[in-house]
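Peer 1: My questions all concern the structure below.
Chains as they are written, first to last, in this note's numbering: chain F, 35 to 147; chain V, 4 to 121.
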């Protein structure tokens, strides 16, 4: 069965600093991996996804993630944090042919001025 | 294009009451699903549907019923509300590839329903 682990339920960075949110997955098949963002009192919005091909994936708002099969990781990064990046971020893996998503427990990102 | 809509936005129920959370999408998506979000637990799948007339259970289905009579609508019914069902509920939809290939299509989420059971 697939699973997702997000290390660090809370991450705090200064504005302009590097953002690194960690995600490790477990999957018996080549994974499809997703990062979603949730702003306060809103639904989830797709940031980026990895299916096949290039392992460095670029998403919206300057975020990117790299699929590393040897490390079973899909960490999310952004070179320079902005106050508007404060939100909760979820990593997810797609399970089988049913479109089911298995989510991590989320990382709440705070950006300090 | 409204996307995925959910009603109501907020609801307070007493233990034992029943209610239906509504979800609709106007993108002609085959796949629809319901998740609940609880602090520190991420999103957990309650029920899902791969098309009209087809539903299946997710990770936490107990206490909830669903039906899918049309492509557009996927209501979630709480049969007898319990305090453990206090949560934020999200509906999502996506396209689905044909055949057996896993879908890489993103899921579109509604704005959520915040439910409190007292």
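Quick reminder that beta carbons are idealized off the backbone N, C-alpha and C, glycines included. Because the structure is a prediction, the values reported are computed rather than measured.
In three-state DSSP terms, what is residue 110 of chain V?
Peer 2: coil
Peer 1: Enumerate in chain order the residues of its own chain whose CB-to-CB distance from residue 59 of chain F is below 6 Å, with the five nearest sequence positions on each side excluded.
Peer 2: 38, 65, 106, 127
Peer 1: Using a Cβ-based criterion (distance less than 7 Å to any ligand heavy atom), does residue 13 of chain V qualify as near the ligand MN?
Peer 2: In terms of ligand content, the structure shown is empty, and the ligand MN therefore cannot be addressed.
Peer 1: In whole angstroms, give me the CA-to-CA distance for residue 90 of chain F and residue 138 of chain F.
Peer 2: Straight-line Cα distance between these residues: approximately 20 Å.
Peer 1: Please classify residue 13 of chain V as buried or exposed, where buried requires at least 16 neighbouring CB atoms within 10 angstroms.
Peer 2: exposed
Peer 1: Alpha carbon to alpha carbon, how far is residue 92 of chain F from residue 109 of chain V?
Peer 2: Their backbone Cα atoms lie some 15 Å apart in a straight line.
Peer 1: Return no unless some Cβ of chain V is closer than 8 Å to the Cβ of residue 97 of chain F.
Peer 2: no
Peer 1: What ranges does the beta strand (DSSP E) occupy inside the stretch 32-116 of chain V, keeping only unbroken runs of at least 3 residues that lie completely in it?
Peer 2: When DSSP assignments are scanned along the stretch 32-116 of chain V, the uninterrupted stretches of beta strand (DSSP E) that are 3 or more residues long and fall wholly within it turn out to be 34-41, 45-54, 57-60, 67-69, 79-81, 90-97.
Peer 1: Thinking C-beta only, is residue 61 of chain V closer than 8 Å to residue 71 of chain V?
Peer 2: Against a cut-off of 8 Å, the Cβ pair of residue 61 of chain V and residue 71 of chain V comes out as no contact.
Peer 1: Between the stretch 115-147 of chain F and chain V, which residues of the former have CB atoms less than 7 Å from a CB of the latter, in chain order?
Peer 2: Within the stretch 115-147 of chain F, contact with chain V at the beta-carbon level (separation under 7 Å) is assigned to 124, 128, 130, 131, 132, 133, 134, 135, 137, 138, 139, 140.
Peer 1: Rounded to the nearest angstrom, what separates residue 112 of chain V and residue 65 of chain V at their Cα positions?
Peer 2: 22 Å
Peer 1: Give me the Cα-Cα distance between residue 82 of chain F and residue 97 of chain F, rounded to the nearest whole angstrom.
Peer 2: Distance between residue 82 of chain F and residue 97 of chain F, taken at the CA atoms: about 8 Å.
Peer 1: Select from V:24, V:10, V:18 the residue whose C-alpha is nearest the C-alpha of residue 79 of chain V.
Peer 2: V:24
Peer 1: Since residue 43 of chain F meets chain V, which of its residues come closer than 8 Å, beta carbon to beta carbon?
Peer 2: 43
Peer 1: Starting from the C-beta of residue 20 of chain V, find all residues in its chain whose C-beta is less than 7 Å away, skip the five residues before and the five after it, and write them out in chain order.
Peer 2: Non-local C-beta neighbours of residue 20 of chain V in its own chain, meaning closer than 7 Å and more than five positions away in sequence, comprise 84, ordered along the chain.
Peer 1: Using only alpha-carbon positions, find the residue among V:89, V:114, V:120 that is nearest to residue 122 of chain V.
Peer 2: In the structure displayed, chain V extends from 4 to 121; residue 122 of chain V sits before or after that span and is not available.
Peer 1: Could you give the C-beta distance for residue 133 of chain F and residue 90 of chain V, rounded to a whole number, given that I count them as a contact under 8 Å?
Peer 2: Not quite, the Cβ-Cβ distance comes to about 22 Å (not below 8 Å), so this is no contact.
Peer 1: One question on the structure: do residue 71 of chain F and residue 141 of chain F come within less than 8 Å of each other, judged by their Cβ atoms?
Peer 2: no
Peer 1: So within the stretch 51-137 of chain F, which uninterrupted beta strand (DSSP E) runs reach at least 3 residues, ignoring any that extend past its ends?
Peer 2: 53-55, 58-60, 67-72, 78-84, 90-92, 98-102, 107-112, 121-129, 134-137
Peer 1: Using a Cβ-Cβ cut-off of 8 Å (strictly less than) and excluding sequence neighbours within five positions of residue 42 of chain F, which residues of its own chain qualify?
Peer 2: 55, 56, 141
Peer 1: Can you tell me which of F:104, F:135, F:77, F:112 puts its alpha carbon nearest to the alpha carbon of residue 125 of chain F?
Peer 2: Here the closest residue by C-alpha is F:135.
Peer 1: In the DSSP assignment, what are the bridge partners of residue 144 of chain F?
Peer 2: F:46
Peer 1: Less than 8 Å between the C-beta atoms of residue 36 of chain F and residue 129 of chain F, yes or no?
Peer 2: yes
Peer 1: Who are the near neighbours of residue 4 of chain V in its chain, counting only those whose CB is closer than 8 Å to its CB and skipping five residues on each side?
Peer 2: Within the same chain, Cβ atoms closer than 8 Å to the Cβ of residue 4 of chain V are found at 29, 30, the five residues on either side in sequence being excluded.
Peer 1: Give a yes or no on whether the C-beta atoms belonging to residue 108 of chain F and residue 120 of chain F are separated by under 8 Å.
Peer 2: no
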